[in-house]
Every structure is written in structure tokens, then in C-alpha cells.
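**Student:**
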Amino acid sequence: MDINKCIKIIENSIKDPTKGLPEDIFLFLTRLSPLINVDLLIKNPQNQTLLTWRQAGQSYGQGWHVPGGIVRYKEKISNRVHAVAKSELKTKVIFDAIPLAVNEILLKQINRGHFISLLYSCKLIQDPDINLKHLKGAPKIGEWAWHDSCPDTLIFPHKMVYKNYI
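In terms of the UniProt record's numbering, the sequence shown opens at residue 1 and continues consecutively.
Now the structure itself:
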């Protein structure tokens with residue numbers, strides 16, 4: 001097997017790495033290198049924390065999580081913070097340039113098992129999409145809600161590092 005030919009095949013299957021990667025290539029890379037992600041700590045005047053719901057099958061099972069995303073190739077961290085606010089909450093934020101916390105997360109799984117997580121203190125410029133607000137019953141994927149304290153159903157990696165911030 002010629003490793004250079006294999007690399008060329010992989011490179012040819014990636015259209016634009018700044019827009020993300022095909023899932024199988026992305027997961028392979030997560031077995032070789034840590035991922036850098038940003039998480040948005042958003043508080044309201046009542047000191048509640050804004051969390052969004054993830055369903056089972058999204059790497060860590062279902063649960064509430066701090067909105068966040070993985071920094072893409074050649075993407076500025078500030079652009080990823082804004083992209084997360086837009087994609088997860090349909091809103092805009094301002095944030096402190098210096099992270100509130102930097103955490104290394106090591107998980108006992110092959111894919112997506114090593115993260116360098118940057119937690120940013122953010123403020124909403126406008127309210128999140130009201131159509132995504134969790135009102136009652138079982139939460140649905142993408143819904144958001146304000147929380148007075150850390151919920152028992154916070155996803156495991158976030159419970160490890162963020163429970164004292166929520």
C-alpha cells in the first residue's frame with residue numbers, strides 16, 4: 001500500500017475543508033488529533049444559563065449542553081463563536097475575547113475522544129429563536145431553555161468541566 005496514494009484519495013474527497021469534512025474523514029481525524037471547540041456560556045439577568053438539547057446519537061447521548069462547535073480549518077475562533085450562536089440559537093452574541101476557561105477533555109471513546117474546549121462568556125444581542133424555546137414535555141433536538149442550576153441531564157463531557165459555571 002502506498003500511503004501517499006491513500007492520502008491523495010482522501011484529499012480528493014474533501015471539497016472545501018473550511019466548510020467542514022465528510023463525516024467518515026472527520027471521525028478518522030478525531031482518532032489522531034485533539035479537536036478545538038468553542039462553547040458559549042450565556043447568562044440572563046437572573047443568572048440563568050442558556051442550554052440547548054441534543055438527542056441520542058450525537059456522540060454523547062441525549063441531554064442539555066452548552067451551545068458549542070468545533071473550529072474549522074483556517075476559521076477564526078471568533079467566527080466559530082458567531083456561527084454557533086447563529087446555527088444553534090438563530091441569534092447573535094457579543095463575547096469576551098479571552099476565554100473564561102480552557103479545558104482539556106479526554107473521553108474513553110475512539111472517535112471524538114480528545115478536546116481542547118474554550119468557554120466564552122457571551123451576551124445575547126437579540127433573543128434566541130422563540131420557535132426553538134422548550135416549553136413543556138420531553139425536549140426536542142435543538143430546543144433551548146434557561147436553567148437556574150446544572151440539570152441532571154447535562155451531557156457527560158459538559159458535566160465534567162462546566163457544572164460549576166451553570
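For glycine and all other residues, C-beta sits at the position ideal for the given N, C-alpha and C.
The structure presented is a predicted model; accordingly, all values stated were derived computationally and were not measured.
Quick check: the Cα distance between residue 160 and residue 91, rounded to an integer number of angstroms?
**Tutor:** Position 160 of the sequence shown, counted from the start, is the residue given in the question as residue 160. Position 91 of the sequence shown, counted from the start, is the residue given in the question as residue 91. Going by the C-alpha atoms only, they are around 27 Å apart.
**Student:** Is residue 153 helix, strand or coil by DSSP?
**Tutor:** Your numbering for residue 153 matches position 153 in the sequence shown. In this structure, residue 153 counts as coil in the three-state DSSP scheme.
**Student:** If distances are taken between C-alpha atoms only, which option among 147, 165 and 100 comes closest to residue 64?
**Tutor:** As a position in the sequence shown, residue 64 is number 64, starting the count at 1. Ranking the options by Cα distance to residue 64, first place goes to 147.
**Student:** Could you tell me which residues DSSP puts in a beta bridge with residue 100?
**Tutor:** Indexing the sequence shown from 1 puts residue 100 at position 100. None; residue 100 has no bridge partner.
**Student:** What separation, rounded to the nearest whole angstrom, lies between the Cα atoms of residue 35 and residue 11?
**Tutor:** Taking the first residue of the sequence shown as 1, we reach residue 35 at position 35. Taking the first residue of the sequence shown as 1, we reach residue 11 at position 11. Answer to the nearest angstrom: the Cα atoms are 19 Å apart.
**Student:** Could you say which of 108, 79 and 103 lies nearest to residue 97 if we only look at CA atoms?
**Tutor:** Along the sequence shown, one-based indexing puts residue 97 at 97. When each option's Cα is compared against that of residue 97, the closest is 79.
**Student:** Using C-beta distances below 8 Å, list every residue in its chain close to residue 81, excluding the 5 sequence neighbours before and after it, in chain order.
**Tutor:** Residue 81 sits at position 81 when you count from the first residue of the sequence shown. Answer for residue 81: 38, 40, 93, 95, 120 and 122, listed in chain order.
**Student:** Within the same chain, show all residues whose beta-carbon is closer than 8 Å to that of residue 13, passing over the 5 residues directly before and after it, in chain order.
**Tutor:** Here residue 13 corresponds to residue number 13 of the sequence shown, with the count starting at 1. Excluding residues within five positions, the ones whose Cβ falls inside 8 Å are 22 and 25.
**Student:** Since residue 111 contacts residue 30 with CB under 8 Å, what's their CB separation in whole angstroms?
**Tutor:** For the purposes of this step, residue 111 is taken as residue 111 along the sequence shown, with counting starting at 1. For the purposes of this step, residue 30 is taken as residue 30 along the sequence shown, with counting starting at 1. That pair is a contact at about 5 Å.
**Student:** Do residue 155 and residue 60 have their C-beta atoms within less than 7 Å of each other?
**Tutor:** In the sequence shown, counting from the first residue as 1, residue 155 sits at position 155. In the sequence shown, counting from the first residue as 1, residue 60 sits at position 60. Taking 7 Å as the Cβ cut-off, residue 155 and residue 60 qualify as a contacting pair.
**Student:** Helix, strand or coil for residue 80 per DSSP?
**Tutor:** Residue 80 sits at position 80 when you count from the first residue of the sequence shown. DSSP places residue 80 in helix when its eight states are reduced to three.
**Student:** Taking the alpha carbon of residue 164 as the reference point, which residue from 19, 144 and 49 has its own alpha carbon closest?
**Tutor:** Sequence index remark: in the sequence shown, residue 164 carries index 164 (1-based). Cα-wise, what sits closest to residue 164 is 49.
**Student:** Rounded to whole angstroms, what's the CA-CA distance from residue 129 to residue 28? Just pull it up for me.
**Tutor:** In the sequence shown, the residue the question calls residue 129 occupies position 129. In the sequence shown, the residue the question calls residue 28 occupies position 28. Using only the alpha carbons, I get a separation of about 34 Å.
**Student:** Do residue 105 and residue 117 count as a contact pair if the criterion is CB distance below 7 Å?
**Tutor:** Stepping through the sequence shown from its first residue, residue 117 is reached at position 117. Stepping through the sequence shown from its first residue, residue 105 is reached at position 105. For residue 117 and residue 105, yes; Cβs fall inside 7 Å.
**Student:** Looking at the unbroken beta strand (DSSP E) that takes in residue 52, where does it start and where does it end?
**Tutor:** Position 52 of the sequence shown, counted from the start, is the residue given in the question as residue 52. Taken as a continuous stretch (DSSP letters only), the beta strand (DSSP E) holding residue 52 covers 49-54.
**Student:** So, helix, strand or coil for residue 44, using DSSP?
**Tutor:** For this step, residue 44 is matched to residue 44 along the sequence shown. Correct three-state label for residue 44: coil.
**Student:** Among the candidates 56, 44, 33 and 73, whose CA atom is the shortest distance from the CA of residue 17?
**Tutor:** Locating residue 17 in the sequence shown gives position 17, where the first residue counts as 1. Comparing Cα-Cα distances from residue 17 to each of 56, 44, 33 and 73, the minimum goes to 73.
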